[in-house]
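When the count follows the UniProt record's numbering, it moves up by one through the sequence shown with no breaks and lands on 841 for the last residue.
Note that beta-carbon positions come from the ideal geometry of N, C-alpha and C, so glycine has one too.
Below is one structure, written out as structure tokens, with a few remarks after it.
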Amino acid sequence: MSVYVITGTSRGIGFEFLKQFSEDPKNLVIGLVRDKSGAEKKVKQQLGDRANVHILHGDLTDYASLKQAAADTADIVGERGVDYLLASAAFTTLFDQAEQVEEIDRVSAELYQINATGNIHLFKLFLPLVMKSKTKKVIAITSGHADLDLINDLDIDVAALYSASKAALNVIVAKFSAQYKKDGVLFMSLSPGVVDVGHYENVPPEKLQSAAGFMEKMTKYAPHFKGPVTPSEAVTVIRSTLEKKRNSSRSIRSITAMGKGQMTKAEADCATCRRRAIRCDRARPNCSNCTHAKRKCQWYGLRLSWPRDNDRRRAIVSKPPRPAHSAPTSADQISEARFVHTSHWDIELYNNLAASSDARTLPLLDVPIIWDPSDLDISDRDLLDYFCRTASSSLATLGHDATALGHTIVRVALEADTPSASAVLKAALAFASLHRHGFQSQALELKIAALRSLARSAVAPSPGLCPRETVRHVAAGMLLCSFEVHQSSCTSGQWTGYLAGVKTVVDSAASSARGLREGDPDLAVLLDWVRYHDTLARFSLLYWSRGGAPELPLNPSGGLFYPQVSNLGSPIVSMLDMLSQVCEVISSVSIPSKASDSADDFKGFLEVIEWRIRSLSIPKAVADDSDASDNETLVLQLYQLAMLIHLHRRSEGLLDNPLKTQQYIDQAFGIIPRLKYCKQQFPVHVIGFEARTDEHRVIILDLIARTEKMSLSRSFNYCKVILHAVWAQDDLAYRSNVSYQEKLTSFNNAPSNLSIDLDTPKAVVSGLRPPRAAKAQRNPPADEAQPAQWRDGAHPPEPRRVQHERVQAAAEHGHAGREQARRDGVVLGDDTGDRVDELDR
Ligand SMILES: NC(=O)c1ccc[n+]([C@@H]2O[C@H](COP(=O)([O-])OP(=O)(O)OC[C@H]3O[C@@H](n4cnc5c(N)ncnc54)[C@H](OP(=O)(O)O)[C@@H]3O)[C@@H](O)[C@H]2O)c1
């Protein structure tokens with residue numbers, strides 16, 4: 001039983017409220033109208049004698065009448081109070097197109113007085129009664145016309161003055177809510193959608209035309225919209241919302257409750273905004289709220305809900321009712337509700353089936369993993385979940401979504417109960433542990449467990465690896481490689497070993513197992529991953545090489561990376577090919593000196609390569625406020641520019657065109673501020689080397705900070721350390737020219753046990769870190785120790801010698817040098833400081 005007070009019950013939606021609520025004789029319904037006797041007559045005629053209906057006089061423009069109505073209501077309801085106060089009355093001018101100044105003034109004043117001020121009086125006068133009830137709900141009937149998104153999206157120009165008065169009402173409701181929420185009063189605005197209450201009768205044709213235009217726009221906006229609904233339909237939908245049990249965490253917002261076949265505003269919002277009860281701009285795929293708040297913009301439209309135990313409402317198959325006299329049947333044996341499980345996969349499949357007539361054109365869908373999580377202990381389950389949700393996003397790859405790659409890995413790990421599958425699982429858990437807690441015993445133990453499983457699977461009595469085993473070995477090897485690459489505090493070069501191992505596995509399997517290259521989508525994804533690392537590894541090793549033989553077998557695996565195996569799009573495949581070629585050209589062939597006979601030929605060759613890099617067909621990014629796909633496009637453009645810059649710099653003066661090089665650099669620095677993030681370190685590195693001004697350095701460091709903040713990538717610590725050191729060299733050598741190659745290789749002899757932590761420069765540079773502790777932290781255990789090496793795009797730390805020289809140089813450059821040193825995180829010891837002061841004097 002509830003008590004309702006409703007304004008505007010003489011007709012339209014208000015009358016329908018009165019009718020529906022009073023159908024239940026236990027309810028008490030009080031209607032406020034301007035014409036009391038006319039309204040009473042209508043109620044009697046249309047609803048008969050309903051003892052639970054009371055009609056009171058109340059005019060929104062007449063405060064005294066409202067006050068009297070509140071007093072009369074108090075007499076009727078007594079201590080029960082008012083459960084629902086519904087402000088439905090309104091001055092509705094759907095076709096207002098006032099042109100004359102006086103008319104605008106008159107209509108606006110009337111609209112504001114009735115629709116805004118009148119409701120303020122109403123709320124204030126009736127609030128004491130509302131507070132007496134348990135339900136405490138105040139609902140203002142607003143309009144979609146006051147929805148800024150709707151106006152902007154559909155360019156709705158009609159009913160401007162009416163819409164403004166309803167927008168004012170929305171704000172008034174929000175303000176009341178803000179004030180009375182603490183008292184447990186729920187204020188909300190609800191829109192009934194487009195309702196046929198006779199507004200369109202007797203309308204002159206020119207005005208009907210604008211109404212028709214509005215309907216047409218609505219149909220485009222919400223394809224399900226089939227025109228106005230009846231008051232009965234609208235009120236039914238509104239009731240379902242306003243009678244809902246209250247969710248205390250939900251704040252107030254306006255909801256468009258539409259009739260049958262119309263899309264509700266709430267449905268059109270993204271689920272994250274709906275849950276947060278905030279206005280959603282419905283931008284796809286990510287709305288602005290979610291983008292700014294860095295939240296996951298969850299589903300639009302259809303939402304799956306998960307059945308709970310004994311939840312019969314959602315059960316598809318449940319125990320059928322048995323007539324009392326019939327004998328028990330087998331159906332009676334069903335003790336619980338049974339569920340048909342539907343996942344996002346089923347819906348994706350359905351969408352594909354519904355959209356395509358030819359089954360062969362269906363894209364390959366990920367097959368859901370069938371596994372029993374109870375096989376894993378609780379900490380492994382937790383880590384695996386972390387791997388899927390978070391850690392996998394930092395797997396270094398290009399052209400594939402890293403999280404999707406993570407899902408592939410998890411499927412491979414859980415598909416079988418073999419040592420190789422176990423190796424994949426353990427390696428994934430090791431990576432997750434490293435990502436979550438840094439380098440510590442759990443990560444190490446899991447890594448060793450992965451290695452043991454791999455070793456067990458390698459001794460299995462099998463003549464060669466079957467295709468699926470190959471997939472597992474590749475996945476495990478690449479995860480172990482990623483584990484090494486991800487560590488920023490350890491200079492182990494094991495990653496190259498894992499990569500070489502993976503390539504060997506694929507090469508041998510490719511020769512023994514026909515069909516390996518085709519037909520296995522998992523393998524295609526994994527091979528693309530290998531290919532990316534292989535290319536970048538070649539770059540890293542050659543980049544940092546002083547000319548000695550690199551340790552990684554650099555020959556591309558024969559046939560391993562056939563284009564037909566790859567799922568990568570063409571610009572990425574071409575990009576990686578070109579990067580391979582750049583590595584090839586500037587390493588294996590010794591670059592002839594400018595004076596030599598072959599210099600011209602070689603220059604021509606380099607120019608062809610440059611032309612080919614420039615001709616890579618990379619799509620243009622659309623806007624500055626770009627979405628994720630635009631970010632990918634910008635990263636590709638950055639790759640392209642980084643390759644061009646690198647080619648110029650490494651050509652030993654043969655491609656000596658400072659203007660052109662500068663052009664590439666300027667373009668790159670123009671792109672970086674537009675990037676939300678850049679997980680790939682190669683372009684950051686190469687372009688960071690070119691940052692000579694504070695402005696450019698800030699641009700680079702900001703990009704790194706943005707990327708690190710998203711926890712999407714492995715640590716940029718090494719990258720930052722190297723860039724800081726290079727920038728210091730550039731500043732210190734401002735009078736002379738340090739060769740690009742010299743700069744690159746000057747860090748080559750870094751001792752493996754020295755780590756530079758930019759956050760604690762004092763301990764590092766002044767050597768205050770206790771040597772034992774530092775060593776224990778950075779060095780892998782003895783059985784894993786490897787000679788110092790580098791990893792893709794990351795570099796060994798600055799040697800102590802170089803740091804020492806920087807301190808010296810800082811001292812010798814007086815204050816300027818000291819300031820630079822401070823910026824670089826170099827802490828000048830007391831003795832150095834004395835020398836600086838001395839030099840100043
Ligand atoms: N119909 C739609 O498509 C639609 C769409 C969106 C929102 N809405 C909103 O839904 C609510 C109901 O709309 P409706 O279509 O049913 O409107 P309606 O048919 O025009 O009815 C308006 C009601 O408000 C009353 N009213 C007008 N001025 C008043 C005043 N000064 N004091 C007290 N009552 C007054 C009218 O009483 P009298 O009989 O005395 O004039 C009438 O009962 C309104 O708030 C409207 O803005 C309607």
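Rounded straight-line distance, which links the Cα of residue j to that of residue i
{"i": "E243", "j": "D105", "result": "39 Å"}
{"i": "G198", "j": "T230", "result": "10 Å"}
{"i": "Q23", "j": "Y4", "result": "The question names Gln, but residue 23 is Glu in the sequence shown. Spanning the two alpha carbons is a distance of roughly 12 Å."}
{"i": "I671", "j": "L127", "result": "57 Å"}
{"i": "R650", "j": "A450", "result": "40 Å"}
{"i": "H486", "j": "R436", "result": "11 Å"}
{"i": "A146", "j": "V138", "result": "19 Å"}
{"i": "A599", "j": "I613", "result": "21 Å"}
{"i": "V82", "j": "A168", "result": "25 Å"}
{"i": "K134", "j": "G78", "result": "14 Å"}
{"i": "V608", "j": "E584", "result": "14 Å"}
{"i": "M710", "j": "Y677", "result": "8 Å"}
{"i": "D702", "j": "Q298", "result": "28 Å"}
{"i": "E16", "j": "D380", "result": "59 Å"}
{"i": "R706", "j": "R295", "result": "15 Å"}
{"i": "A668", "j": "Q637", "result": "8 Å"}
{"i": "I114", "j": "T61", "result": "6 Å"}
{"i": "S240", "j": "V698", "result": "55 Å"}
{"i": "N753", "j": "F439", "result": "The predicted position of N753 is uncertain, since its pLDDT is 32 and thus under 50; a value taken from the coordinates is nonetheless stated next. Using only the alpha carbons, I get a separation of about 15 Å."}
{"i": "Q262", "j": "V235", "result": "Only weak support exists for where Q262 lies, its pLDDT of 38 falling under 50; the value from the coordinates is given anyway. If you take the alpha carbons of Q262 and V235, they lie about 14 Å apart."}
{"i": "G259", "j": "V194", "result": "Annotation note: pLDDT 33 at G259 (below 50); position unreliable, coordinate value reported separately. Their backbone Cα atoms lie some 8 Å apart in a straight line."}
{"i": "L647", "j": "D385", "result": "42 Å"}
{"i": "I704", "j": "F225", "result": "47 Å"}
{"i": "L758", "j": "V721", "result": "With a pLDDT of 44 at L758, under the threshold of 50, the modelled position of that residue is not reliable, and no figure is offered here."}
{"i": "L383", "j": "L446", "result": "11 Å"}
{"i": "D157", "j": "S165", "result": "15 Å"}
{"i": "T403", "j": "F387", "result": "9 Å"}
{"i": "V525", "j": "H400", "result": "8 Å"}
{"i": "A773", "j": "S441", "result": "With a pLDDT of only 30 at A773, under 50, the local geometry of the prediction cannot be trusted, and the value read off the model is given with reservation. Taking the straight line from one Cα to the other gives about 15 Å."}
{"i": "V237", "j": "P192", "result": "8 Å"}
beta-carbon residue i near ligand 1 non-hydrogen atom, thresh 7 Å
{"i": "L60", "result": "yes"}
{"i": "D14", "result": "One detail in the question is off: residue 14 reads as Gly in this sequence, not Asp. Yes."}
{"i": "H57", "result": "no"}
{"i": "T7", "result": "yes"}
{"i": "P192", "result": "yes"}
{"i": "T92", "result": "yes"}
{"i": "V33", "result": "yes"}
{"i": "residue 887", "result": "There is simply no residue 887 to check, as the chain begins at 1 and stops at 841 in what is shown."}
{"i": "R11", "result": "yes"}
{"i": "I199", "result": "The identity of residue 199 in the sequence shown is His, whereas the question assumes Ile. Yes - ligand 1 has a heavy atom lying nearer than 7 Å to the Cβ of H199."}
{"i": "I172", "result": "no"}
{"i": "G78", "result": "no"}
{"i": "S189", "result": "no"}
{"i": "I141", "result": "yes"}
{"i": "G227", "result": "no"}
{"i": "S88", "result": "yes"}
Range of the contiguous beta strand (DSSP E) that encloses residue i
{"i": "K137", "result": "137-141"}
{"i": "M188", "result": "186-191"}
{"i": "V5", "result": "3-7"}
{"i": "L86", "result": "84-87"}
Limits of the unbroken alpha helix (DSSP H) element including residue i
{"i": "G31", "result": "That residue, G31, is in no alpha helix (DSSP H); its beta strand (DSSP E) goes 28-33."}
{"i": "V173", "result": "160-180"}
{"i": "H199", "result": "Looking at the DSSP string, H199 is not in any alpha helix (DSSP H), and its letter there is neither H nor E."}
Any non-hydrogen atom of ligand 3 within 7 Å of residue i CB
{"i": "F21", "result": "Annotation note on ligand 3: not contained in the displayed structure, which lists ligand 1 as its ligands."}
*Do the segment 648-661 and the segment 423-433 make contact, defined as three or more Cβ pairs closer than 8 Å?*
The segment 648-661 and the segment 423-433 do not touch, with fewer than 3 CB-CB distances between them shorter than 8 Å.
*Report the residue ranges of all beta strand (DSSP E) runs contained in full by the UniProt domain "Zn(2)-C6 fungal-type" (269-299); include only those spanning at least 3 residues, in chain order.*
The qualifying runs do not exist here; there are none.
*Three or more C-beta pairs closer than 8 Å, one from the segment 529-540 and one from the segment 464-480: is that the case here?*
yes
*Completely contained alpha helix (DSSP H) runs for the segment 627-700, where each covers 4 or more residues*: 628-650, 658-671, 681-688
_Touch test, the segment 109-116 against the segment 32-49, Cβ-Cβ under 8 Å, three pairs minimum_ = no
*Say whether the segment 50-59 touches the segment 269-287, bearing in mind that this needs 3 or more beta-carbon pairs closer than 8 Å, one atom from each stretch.*
no
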